[in-house]
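Residue numbers (my numbering): 1 to 63.
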């Protein structure tokens, strides 16, 4: 049984950090943790992650 099934792959985590930095949230996260984000900030972060993953998936299918 996989003990790490709830942890995202490293590349997903790096993408999350990259987007948080772009949104200007990285300092807040480093100081207070991920739980300090508002619902709006978390939603924006998640929306951008989903958009980028979808774009990268579609790029791979255009060959």
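Backbone N, C-alpha and C fix where the C-beta goes; we use that ideal spot for every residue, glycine too.
Status (buried if at least 16 other CB within 10 Å, exposed otherwise) for residue i
| i | result |
| --- | --- |
| residue 45 | buried |
| residue 6 | exposed |
Contact check, residue i vs residue j, beta carbons under 7 Å
| i | j | result |
| --- | --- | --- |
| residue 20 | residue 26 | yes |
Presumed contact (8 Å Cβ cut-off) between residue i and residue j, rounded CB distance
| i | j | result |
| --- | --- | --- |
| residue 49 | residue 16 | 6 Å |
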